[in-house]
DNA sequence: ATAACTGTTCGTAATATTGCGAACAAATAT
DNA sequence: ATATTTGTTCGCAATATTACGAACAGTTAT
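Protein chains in written order, with the numbering used here: chain E, 3 to 96; chain S, 3 to 96.
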């Protein structure tokens, strides 16, 4: 009934469905990577809350985190990022 | 901190964050308008549930409903649809 | 007038989301 | 060895989302 592309699109859109996550993705896509601490300094939310948002973006596949002890470097997951882009592009150009 | 474009983008993305709503928008953008009954027949959800999803899309500004008694004709809200498209396009092309 | 049709609203329930602070884990610095 | 730094996880609370059926409202058919 509802196909896989539609489900995937909804999944990615859902991940984009919060201002903080939009901000994080925008930051990452501009500078490719950043430490979560950089975001904590700027964003007016508790670090635990940011951590949750980062987890959601990771679960959705849009970012990936790499431990560079004691910090964690987050980057865009390029492959899935491109997939999301393609899905949305096609969606809006029907 | 987080600007209006980011908030708007998140709002539209949130509306797109469910498979049923993606399906509805895709259907509407393909045939421009449709009656909610057409969707009820196809989608495996209760009509009250569909009504809620339609309300959310309407609240997000992506669709608009017009009563053609006893039915309701739903159409894409072109202006906001274009805005969402532009916001997402810019977002992914940073 | 009554029945049928279309869709919304209401009440309810289960689950998910958002947010915080405290506690924790792991590595580094003192 | 102890303290500091960085970030996650836990526990909690408030609110939002998703879903359903029943009841309702408005229009059209009988």
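All C-beta atoms, glycine included, are put in the ideal place defined by N, C-alpha and C.
Source: prediction; values computed, not measured.
Within the DSSP secondary-structure output, residue 75 of chain S pairs in a beta bridge with S:37, S:68. Burial is judged here by how many other beta carbons sit within 10 angstroms of a residue's own beta carbon; residue 21 of chain S has at least 16 and is buried. Around the beta carbon of residue 5 of chain E, fewer than 16 other beta carbons sit within 10 angstroms, so the residue counts as exposed.
From the beta-carbon of residue 24 of chain E, the residues of chain S found nearer than 7 Å are 8, 11, 12.
DSSP places residue 17 of chain E in the uninterrupted alpha helix (DSSP H) bounded by 6 to 17. The Cβ of residue 15 of chain E sits closer than 7 Å to at least one Cβ of chain S.
Taking all protein chains in view, the Cβ of residue 48 of chain S is surrounded by fewer than 16 other Cβ atoms within 10 Å, so the residue is classified as exposed. Contact check for residue 32 of chain E against residue 15 of chain S fails: the beta carbons are separated by 7 Å or more. Assigned with DSSP and collapsed to three states, residue 32 of chain E falls in helix. The beta carbon of residue 19 of chain S sits closer than 7 Å to some beta carbon of chain E.
Contact with chain E is found for residue 87 of chain S, since one of that chain's Cβ atoms lies less than 7 Å from the residue's Cβ. Rounded to whole angstroms, the separation of the alpha carbons of residue 44 of chain E and residue 24 of chain S is 33 Å.
A direct Cα-to-Cα measurement between residue 52 of chain S and residue 42 of chain S gives close to 7 Å. Closest option to residue 55 of chain S, judged by alpha-carbon separation, among S:70, S:38, S:69, S:71: S:38.
Going by C-alpha positions, residue 7 of chain E is about 10 Å away from residue 92 of chain E. Residue 60 of chain S places its beta carbon 7 Å or farther from that of residue 68 of chain S.
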